[in-house]
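Enquirer: Take a look at this one; I'll ask things after.
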Amino acid sequence: MISSHWDKPNYIIFMLAVFIVMFLLYRLHKWRVHVREMYADTSLQEAVFSQKSVSWLNLKNIFLLLSLVFLVIALMGPLWGEEEQTLKREGIDIVFALDLSNSMNAEDIAPSRLEKAKKFIIDYVETLGGDRVGLVIFAGEAYAVSPLTTDYMAINSFVAGLDTNLLWNQGTNISAAIRTSLEVLGTGQDTSKAIILISDGEDHEEGIKDQIANAKKNRTEIFALGIGESVPVPIPMRTADGFDAGYKEDDNGSTVLTSFHGENLRNIAELSGGSYIKVESLESTIKKLQNGINSLEKKSQQEVLTFNKKHQYQWFLGISILFFFIYTLTPDKRILNT
Numbered sequence: 001m002i003s004s005h006w007d008k009p010n011y012i013i014f015m016l017a018v019f020i021v022m023f024l025l026y027r028l029h030k031w032r033v034h035v036r037e038m039y040a041d042t043s044l045q046e047a048v049f050s051q052k053s054v055s056w057l058n059l060k061n062i063f064l065l066l067s068l069v070f071l072v073i074a075l076m077g078p079l080w081g082e083e084e085q086t087l088k089r090e091g092i093d094i095v096f097a098l099d100l101s102n103s104m105n106a107e108d109i110a111p112s113r114l115e116k117a118k119k120f121i122i123d124y125v126e127t128l129g130g131d132r133v134g135l136v137i138f139a140g141e142a143y144a145v146s147p148l149t150t151d152y153m154a155i156n157s158f159v160a161g162l163d164t165n166l167l168w169n170q171g172t173n174i175s176a177a178i179r180t181s182l183e184v185l186g187t188g189q190d191t192s193k194a195i196i197l198i199s200d201g202e203d204h205e206e207g208i209k210d211q212i213a214n215a216k217k218n219r220t221e222i223f224a225l226g227i228g229e230s231v232p233v234p235i236p237m238r239t240a241d242g243f244d245a246g247y248k249e250d251d252n253g254s255t256v257l258t259s260f261h262g263e264n265l266r267n268i269a270e271l272s273g274g275s276y277i278k279v280e281s282l283e284s285t286i287k288k289l290q291n292g293i294n295s296l297e298k299k300s301q302q303e304v305l306t307f308n309k310k311h312q313y314q315w316f317l318g319i320s321i322l323f324f325f326i327y328t329l330t331p332d333k334r335i336l337n338t
């Protein structure tokens, strides 16, 4: 497609304008020839015009045409090759670890625990500037969705599409979530790091203390965000298409209830040296988290970004200027008779 090789492909309309101008020059020339033939004596025409151009397409006009054509090409912004750009940023590295266990479908928080958590992440990411962000999802196991990046639009796009049906291995393995988040953050000590763990606290796995120790060793603070209410509620189930499939039941056919376990999350935060925040209103929760994140030291770093296509307009602009310079120096000489 033309748009994949041009920065501003719509500017091709100016190429049409160039040829319209040349056509008008041609029509103007034909009119002048017609007038001359009607009113000037033949011998007078030969005396006056024999040494001058009577052609609309002379050398000067060719150089002018070429200058305009290459100018339009430059305006369209031709792209090819690769370009690297080094950006300096000041910030910290953050990984969001989001619980996608079925209990996050509970509706004790409107519209649901999961939807409230997703909205929080999206709103919080939009406040960032300079921090790198990664994304991990977990239930019975944990998976990295995005490496660290400053492409906040991409992160929010990933978050918007998350659903509990994405993970078949259900459960709430917070230990795996911390382990995978640490893998995304890496072991470098040149920047401050934080894991933002968002869950209802229903942990069914072991090994959390070992992973918290690894986080402290890696100088990573864990901010545990609890979402849900303490009153037990049923867990809505939905098909892959998003349709209502009743409530989750155990092997005996009884409705399974879920309740919020804030103490589990509070213990995780305290053991790691981080903070525990109960998700209530989005605005207040964002402000509390910002206060905690801002207490971490932000360090200046360089980030190399690679772009697939490099702007090459300068070559065509240079050729356009060259042809225009030649045009200004070229005398009128006939090269094509009418």
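Under UniProt numbering, the sequence shown is numbered contiguously, ending at residue 338.
Glycine included, C-beta positions come from ideal geometry on N, C-alpha and C.
Predicted model, so just to flag it, every value in this text is computed and none were measured.
1) Would you grab the beta carbon distance between V136 and Y152 for me? Rounded to a whole angstrom, and I think it's under 8 Å.
2) Taking a contact to mean a Cβ-Cβ separation below 8 Å, would you say F70 touches F243 in this structure?
3) Classify I319 as helix, strand or coil using the three-state DSSP reduction.
4) Figure out for me which residue from G77, D93, A139, T172 has the closest Cα to the Cα of N10.
5) With a Cβ-Cβ cutoff of 8 Å, do S101 and A139 count as a contact?
6) Between the Cα of A97 and the Cα atoms of I109, L68, V145, which residue gives the shortest distance?
7) Helix, strand or coil for V54 per DSSP?
8) In chain order, which alpha helix (DSSP H) runs of at least 4 residues are fully inside the stretch 75-135?
9) In the DSSP assignment, the alpha helix (DSSP H) including D210 goes from what residue to what residue?
10) Let me see if you follow: with CB-CB separation under 8 Å, is I235 close to chain D or not?
11) From which residue to which residue does the alpha helix (DSSP H) around F158 run?
12) Return the first residue and the last residue of the beta strand (DSSP E) that A144 is part of.
13) Along the chain, which unbroken stretches of the alpha helix (DSSP H) at least 4 residues long are found entirely within the stretch 224-294?
14) Which one of A269, S272, I235 has the shortest CA to CA distance from S254?
15) Given D123, which residues of its chain have a CB within under 7 Å of its CB, disregarding the five upstream and five downstream residues?
16) Please classify F325 as buried or exposed, where buried requires at least 16 neighbouring CB atoms within 10 angstroms.
17) Which one of T172, Q211, N173 has the shortest CA to CA distance from E183?
18) For F223, count the other beta carbons within 10 Å of its own beta carbon; 16 or more makes it buried, fewer makes it exposed. Which is it?
19) Helix or strand or just coil, what does DSSP make of W168?
20) Excluding five sequence neighbours on each side, which residues of the same chain lie with their C-beta closer than 8 Å to the C-beta of V279?
21) Identify every residue that forms a DSSP beta bridge with E221.
22) If I follow the unbroken alpha helix (DSSP H) through L185, where does it start and stop?
23) Buried or exposed: N252, going by 16 or more other Cβ atoms within 10 Å of its Cβ?
24) Do you know offhand how far S230's Cα is from T172's?
25) Quick one: grab the DSSP three-state call for K60.
26) Whole angstroms are fine: how far does the CA of N294 sit from the CA of M1?
27) Could you check the C-alpha separation between G130 and E90 for me, to the nearest Å?
28) Suppose you measure from the CA of V72 to the CA of D7; what does that come to, to the nearest Å?
29) Closer than 7 Å by C-beta to A245: which residues in its own chain qualify, once you throw out the five before and the five after it? Chain order, please.
30) With the cut-off set at 8 Å, would you say H311 and L75 are in Cβ contact?
31) For S50, does the count of other Cβ atoms within 10 angstroms reach 16, so buried, or fall short, so exposed?
32) Roughly how many whole angstroms lie between the Cα atoms of Y143 and I268?
33) Pull up the DSSP beta-bridge partners for K299, would you.
34) Hey, would you say T180 sits closer than 8 Å to N218, going by beta carbons?
Expert: Checking against the coordinates, here is how it stands:
1) Start at 1 with the first residue of the sequence shown, and residue 136 comes out as number 136. Start at 1 with the first residue of the sequence shown, and residue 152 comes out as number 152. Rounded, the Cβ-Cβ distance is 17 Å, inconsistent with contact.
2) Here residue 70 refers to the residue found at position 70 when the sequence shown is read from its first residue. Here residue 243 refers to the residue found at position 243 when the sequence shown is read from its first residue. It is not a contact, given that the beta carbons lie outside the stated cut-off.
3) Indexing the sequence shown from 1 puts residue 319 at position 319. Here I319 sits in helix by DSSP.
4) The sequence position of residue 10 within the sequence shown is 10, counting from 1. Ranking G77, D93, A139, T172 by Cα distance to N10 puts G77 first.
5) Residue 101 sits at position 101 when you count from the first residue of the sequence shown. Residue 139 sits at position 139 when you count from the first residue of the sequence shown. The Cβ-Cβ distance between S101 and A139 falls below 8 Å.
6) Along the sequence shown, read from residue 1 onward, the residue named residue 97 stands at position 97. Out of I109, L68, V145, V145 has the C-alpha closest to the C-alpha of A97.
7) The count along the sequence shown starts at 1 and reaches residue 54 at position 54. Confidence in V54 is poor, its pLDDT being 45 and thus under 50, which makes the residue's placement too unreliable to answer from.
8) 113-125
9) As a first step, residue 210 is located in the sequence shown; it is residue number 210 there, counting from the start. First-last of the alpha helix (DSSP H) with D210: 208-217.
10) Looking at the structure shown, chain D is missing, and only one protein chain is on hand.
11) As a working mapping, residue 158 is identified with position 158 in the sequence shown. Residues 152-160.
12) By one-based count along the sequence shown, residue 144 stands at place 144. Per DSSP, the unbroken beta strand (DSSP E) holding A144 starts and ends at 142-149.
13) 262-272, 282-294
14) Position 254 of the sequence shown, counted from the first residue, corresponds to residue 254. When only C-alpha atoms are compared, the closest one is I235.
15) Within the sequence shown, residue 123 is the residue found at index 123, counting from 1. L282, I286, listed in sequence order.
16) As a first step, residue 325 must be located in the sequence shown, where it is residue number 325. F325 is exposed by the Cβ-count criterion.
17) Here residue 183 refers to the residue found at position 183 of the sequence shown. Its Cα nearest to that of E183, the residue Q211 stands out among T172, Q211, N173.
18) Along the sequence shown, one-based indexing puts residue 223 at 223. Residue environment analysis places F223 among the buried positions, since at least 16 neighbouring C-beta atoms fall within 10 angstroms of its C-beta.
19) Numbered from 1 along the sequence shown, position 168 holds the residue referred to as residue 168. Coil, per DSSP.
20) In the sequence shown, counting from the first residue as 1, residue 279 sits at position 279. So the list reads I109, K116, A117, F120, I198, L225, G226, I227, T285, once near-sequence residues are dropped.
21) Stepping through the sequence shown from its first residue, residue 221 is reached at position 221. DSSP, once it has assigned bridges, lists A194 as partnering E221.
22) Translated into the one-based positions of the sequence shown, residue 185 becomes position 185. First-last of the alpha helix (DSSP H) with L185: 174-185.
23) In the sequence shown, residue 252 corresponds to position 252, counting from 1. The residue in question, N252, is exposed, as its Cβ has fewer than 16 Cβ neighbours within 10 Å.
24) For the purposes of this step, residue 230 is taken as the residue at position 230 of the sequence shown. For the purposes of this step, residue 172 is taken as the residue at position 172 of the sequence shown. Rounded to the nearest angstrom, the two C-alpha atoms are 17 Å apart.
25) Here the question's residue 60 lines up with position 60 in the sequence shown. In the structure shown, K60 sits in a helix (DSSP, three-state: H, G or I).
26) Here residue 1 refers to the residue found at position 1 when the sequence shown is read from its first residue. Here residue 294 refers to the residue found at position 294 when the sequence shown is read from its first residue. The predicted model places M1 with a pLDDT of 41, which falls under 50 and marks its position as unreliable, so this point remains unresolved.
27) Mapped onto the sequence shown, residue 130 falls at position 130. Mapped onto the sequence shown, residue 90 falls at position 90. Distance between the alpha carbons of G130 and E90 is about 6 Å.
28) For the purposes of this step, residue 72 is taken as the residue at position 72 of the sequence shown. For the purposes of this step, residue 7 is taken as the residue at position 7 of the sequence shown. Distance between the alpha carbons of V72 and D7 is about 12 Å.
29) The residue given as residue 245 occupies position 245 in the sequence shown. Around A245: M237, R238, T239.
30) Here residue 311 is taken as the residue at index 311 of the sequence shown, counted from 1. Here residue 75 is taken as the residue at index 75 of the sequence shown, counted from 1. Not in contact: H311 and L75 (Cβ atoms no closer than 8 Å).
31) Sequence index remark: in the sequence shown, residue 50 carries index 50 (1-based). Summary for S50: the model assigns pLDDT 47, below 50, so the residue's position carries little reliability; its value from the coordinates is reported in the next sentence. Flag for S50 reads exposed.
32) Taking the first residue of the sequence shown as 1, we reach residue 143 at position 143. Taking the first residue of the sequence shown as 1, we reach residue 268 at position 268. The straight-line gap from Cα to Cα measures roughly 20 Å.
33) The residue you call residue 299 lines up with position 299 of the sequence shown. Paired residue(s): G91.
34) Residue mapping note: residue 180 aligns to position 180 of the sequence shown, counting from 1. Residue mapping note: residue 218 aligns to position 218 of the sequence shown, counting from 1. Contact flag unset, no.
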